[in-house]
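Novice: This is the structure, below, for whatever I ask next.
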Amino acid sequence: MSNETSQTSPTPDEEPAGKPSYYITTPIYYVNAKPHLGTAYSTIVCDTQARFRRMDGCDVKFLTGLDEHGQKVADSAAQHGMTPQQWVDSMVPDFKDLWRELEISNDDFIRTTQPRHVRSVQHFWEVMRDRGYIYKGRYEGWYCVPEETYFTPTDVRHAEVNRDRPEDQPLCPDCGRPLSRVSEDSWFFRLSAFQQPLLDFYDAHPDFIQPQIRYNEVRSFVEGGLKDLSVTRTSFDWGIPLPFDERHVTYVWFDALINYLTAVGYGDPTDEGAREFARRWPAQTHVVGKDIIRFHCVIWPAMLMAAGLEVPEHVLAHGFLLVRGADGKGEKMSKSRGNAIAPRQVIDLLGVEGYRYYFMTDVVHGADGAISFERMAQVYNSDLANSWGNLVSRALNMAAKYFDGRSPRRATDYAVRESPLSQAADGIYDRYAAAMRAFDYAAGAREAMRLVEAANLYIEQTAPWALAKDPARADDLRFTIWGLLEAIRIAATLLWPIMPSASAEVMRRLGLPDVPGDDLRGACAWGQFEGGEPVTKGEALFPRLDDEAVAKAGE
Ligand code: MSP
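According to our numbering, the stretch in the sequence shown is residues 1 to 555, in order.
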């Protein structure tokens, strides 16, 4: 990805310590449903990137939050006998608690009911009106409340063909649920005016939408023509009122997308707001699921163009998590099929570190990933218990045993001494950083794991227990154990964005600071570890999982 090259460069006094800004967002989640594996997945993908970028010298703003308006929320609140505000307030702790447990390091948490967002959306409306991109009309058509999406008659007919429902009950072409008839006065956004500007934009920014398959999909959708979009509702009031026509509330998607602007000071009249906006906008990356790319890659850029604002650098669309069925193929998780997996079940089986490692390395970004408890246990046991955890425990045990509880000191000639580990670490930063910047976390983790494998092999080949018996080889023993600890330090650094607690624990055991720095390239250079500090053997970092634990997880 070309984030660095396409970034605008703020003037030095706007830049804390001269760091480039990196602004990354998750979708804001509907409050109706509790957080689940899918929403946690989007959030951990962003968290890993945010952590990597901080370590790599960026001034990161990582935003997540909740989408709290719309008809669906108003309906759910009524069903629960609450006001919409009470209902949304009651759902917030579920998200915040799970994110805390999963070590999500967001810098901000936006809720679309916050005054800063209401102000920002209303400001956006004024701008739309002043620039002539909205007009008043009447909407007649269909609306899917669960998806909060309008459908044209063509889409609806298509849906009817697929189902044996009476003609008078059209169904949503996306989710298959019944559509509601909408007939009301509405303000419209001139989306049709942006067909050519959008196509020109995609041409000029071929890496705007990733992966490529989604880029092609979006492009051909836009080539097919764009209709103006109804962007206000009058039949209910749970939304942000238009500043110049209070009977209308903002269509929930129009409201939700603006959250990305609100969080960086849009509509904030203070100097501080203006400075923050100049520094942070445009965002570097919106991470979204493939189901909401049209909103992010068609409607959102058009809204921004209409407002005279820059379009974000990248929209990264991930696939869906599917559960592996009996036939080995992926199927959609659903409560009715009884195959839905809750985040709690995964945390109980793998722990938070294992959870994050599994989803970030075994689910190919951009593709749909079929997950299963068996596969989780396999990845955990082979990479974390047998390779990584085992290396840490063997090396620290030997250091403690042969060097009286301390790490051996670095030899003065370490840089010129041959070691397969220094060779394995050579160039590791460039390979790792390229993979991480491209959100290819599997490849990023593989760099760390290659070093781990090289270190495990090195133990077998050098047999430190034999060296320890021969006083003439004391220097070799020292150099060997030091090399192992140095390889561990680098591997823990590379794994930090994916497994923050485990890496911090490894650093503590090595006698090193347990907060990551911001010079990743420097930290990856071979030979940083000076040694001479007390080391801690500690409990197994990743105790092996047996078949019984896996069977229990699925119950
Ligand atoms: N509120 C809107 C987003 C507004 S952003 C301005 C929304 N919310 S959502 O809660 O329904 O979904 C949020 C994200 O979760 C989407 O990116 C969606 O793709 C993702 N996932 C929901 N189920 C999923 C899986 N089973 N697997 C992976 N991600 C999935 O849409």
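Backbone N, C-alpha and C fix where the C-beta goes; we use that ideal spot for every residue, glycine too.
If you draw a straight line from the C-alpha of V535 to the C-alpha of A504, how long is it?
Specialist: Roughly 14 angstroms between the two C-alpha positions.
Novice: Please go through the segment 185 to 236 and give each complete alpha helix (DSSP H) segment of 4 or more residues, from N-terminal end onward.
Specialist: Correct list: 195 to 204 and 212 to 223.
Novice: What does the alpha-carbon distance come out to for the pair G81 and W496?
Specialist: Roughly 45 angstroms separates the two Cα atoms.
Novice: Considering Cα atoms alone, identify which of T232, E272 and T270 is closest to W253.
Specialist: Nearest C-alpha to W253: T232.
Novice: In the DSSP assignment, what residue or residues form a beta bridge with V60?
Specialist: In the DSSP output, where bridge partners are listed per residue, V60 has Y22.
Novice: Below 9 angstroms between beta carbons: does that hold for H205 and E313?
Specialist: Yes; because the gap between Cβ atoms is below 9 angstroms, this pair is in contact.
Novice: Quick check: the segment 481 to 500 against the segment 387 to 397, are there 3 or more CB pairs under 8 angstroms?
Specialist: They touch, by the three-pair rule.
Novice: DSSP state of W142, grouped into three classes?
Specialist: Of the three classes helix, strand and coil, the one that applies to W142 here is strand, per DSSP.
Novice: Is L384 helix, strand or coil by DSSP?
Specialist: Looking at L384 - three-state DSSP - the assignment turns out to be helix.
Novice: Does the ligand MSP have even one heavy atom less than 8 angstroms from the beta-carbon of N339?
Specialist: No - the ligand MSP has no heavy atom lying nearer than 8 angstroms to the Cβ of N339.
Novice: Go to G369, then tell me how far its alpha helix (DSSP H) extends in each direction, as first and last residue.
Specialist: Per DSSP, G369 belongs to no alpha helix (DSSP H); it is in the beta strand (DSSP E), G369 to I371.
Novice: Determine the burial state of L242: buried for a count of at least 16 other Cβ atoms within 10 Å of its Cβ, exposed for fewer.
Specialist: Looking at its Cβ environment, which holds 16 or more other Cβ atoms inside 10 Å, L242 is buried.
Novice: So who's on the other strand from F109, going by DSSP bridges?
Specialist: F109 is bridged to T64.
Novice: How is the alpha helix (DSSP H) around A274 delimited, first residue to last?
Specialist: A274 -> alpha helix (DSSP H) spans D271 to R280.
Novice: Which residues in the same chain as P12 place their Cβ atom closer than 8 angstroms to its Cβ, once the five residues preceding and following it in sequence are excluded?
Specialist: The predicted position of P12 is uncertain, since its pLDDT is 41 and thus under 50; no value can be drawn from it.
Novice: Run the proximity test for D155: is its beta-carbon closer than 8 angstroms to any non-hydrogen atom belonging to the ligand MG?
Specialist: Ligands in the displayed structure: the ligand MSP; the ligand MG is not one of them.
Novice: Would you be able to state if there are at least three C-beta pairs under 8 angstroms between the segment 424 to 441 and the segment 393 to 411?
Specialist: In short, these stretches do not touch, since the Cβ pair count stays below three.
Novice: Is W482 buried or exposed, if buried means 16 or more other CB atoms sit within 10 Å of its CB?
Specialist: Answer is buried; the Cβ neighbour count reaches 16.
Novice: Beta-carbon separation of S387 and M303 under 9 angstroms?
Specialist: For S387 and M303, no; Cβs fall outside 9 angstroms.
Novice: In its own chain, which residues sit with a C-beta less than 7 angstroms from the C-beta of L384, not counting the 5 before and 5 after it?
Specialist: Cβ neighbours of L384 beyond the five flanking positions: G354, Y357 and F542.
Novice: Using only alpha-carbon positions, find the residue among P269, V92 and Y23 that is nearest to R111.
Specialist: It is V92.
Novice: Please confirm whether any heavy atom of the ligand MSP lies closer than 8 angstroms to the CB of L304.
Specialist: L304 Cβ: outside cutoff for every heavy atom of the ligand MSP.
Novice: Output needed for R417: all residues of its chain with C-beta closer than 8 angstroms, excluding positions within five of it in sequence on either side, in chain order.
Specialist: Same-chain partners within the cutoff: A411 and F479.
Novice: Nearest to A370 by alpha carbon, out of R344, E331, L349 and S382?
Specialist: Closest by alpha carbon: E331.
Novice: Among the residues of its own chain, which have a CB less than 6 angstroms from the CB of Y414, if the five just before and after it don't count?
Specialist: Correct list, in chain order: G527.
Novice: I need the DSSP call for P560, collapsed to helix, strand or coil.
Specialist: Residue 560 is absent from the model: the chain starts at 1 and stops at 555.
Novice: Is the Cβ-Cβ distance between I24 and V287 less than 9 angstroms?
Specialist: Yes; because the gap between Cβ atoms is below 9 angstroms, this pair is in contact.
Novice: Buried or exposed: where does S186 fall if 16 or more other Cβ atoms within 10 Å of its Cβ makes it buried?
Specialist: With 16 or more other Cβ atoms within 10 Å, it is buried.
Novice: Verify whether the separation of the beta carbon atoms of V60 and L198 is less than 9 angstroms.
Specialist: Contact: no.
Novice: Could you compute how far the alpha carbon of R508 sits from the alpha carbon of A445?
Specialist: In a straight line, the C-alpha of R508 is about 21 angstroms away from that of A445.
Novice: Nearest by alpha-carbon distance to W281: which of G265, K290 and R294 is it?
Specialist: Comparing Cα-Cα distances from W281 to each of G265, K290 and R294, the minimum goes to G265.
Novice: Going by the DSSP bridge assignment, what does G239 pair with across the sheet?
Specialist: Note: G239 sits in no beta bridge, so no partner.
Novice: Quick check: what's the CA-CA separation for A74 versus A492?
Specialist: Each residue's Cα considered, the two are about 47 angstroms apart.
Novice: Quick one: complete alpha helix (DSSP H) runs, 4+ long, within the segment 293 to 381?
Specialist: As far as the segment 293 to 381 is concerned, its whole alpha helix (DSSP H) runs of at least 4 residues are 300 to 307, 343 to 362 and 373 to 379.
Novice: Could you say if the segment 63 to 71 and the segment 119 to 134 meet the contact criterion of at least three C-beta pairs nearer than 8 angstroms?
Specialist: Verdict: no, contact absent.
Novice: Please name the residue in Q114, T26, D56 and S42 whose C-alpha comes closest to that of G522.
Specialist: Taking only the C-alpha atoms, the option nearest G522 is D56.
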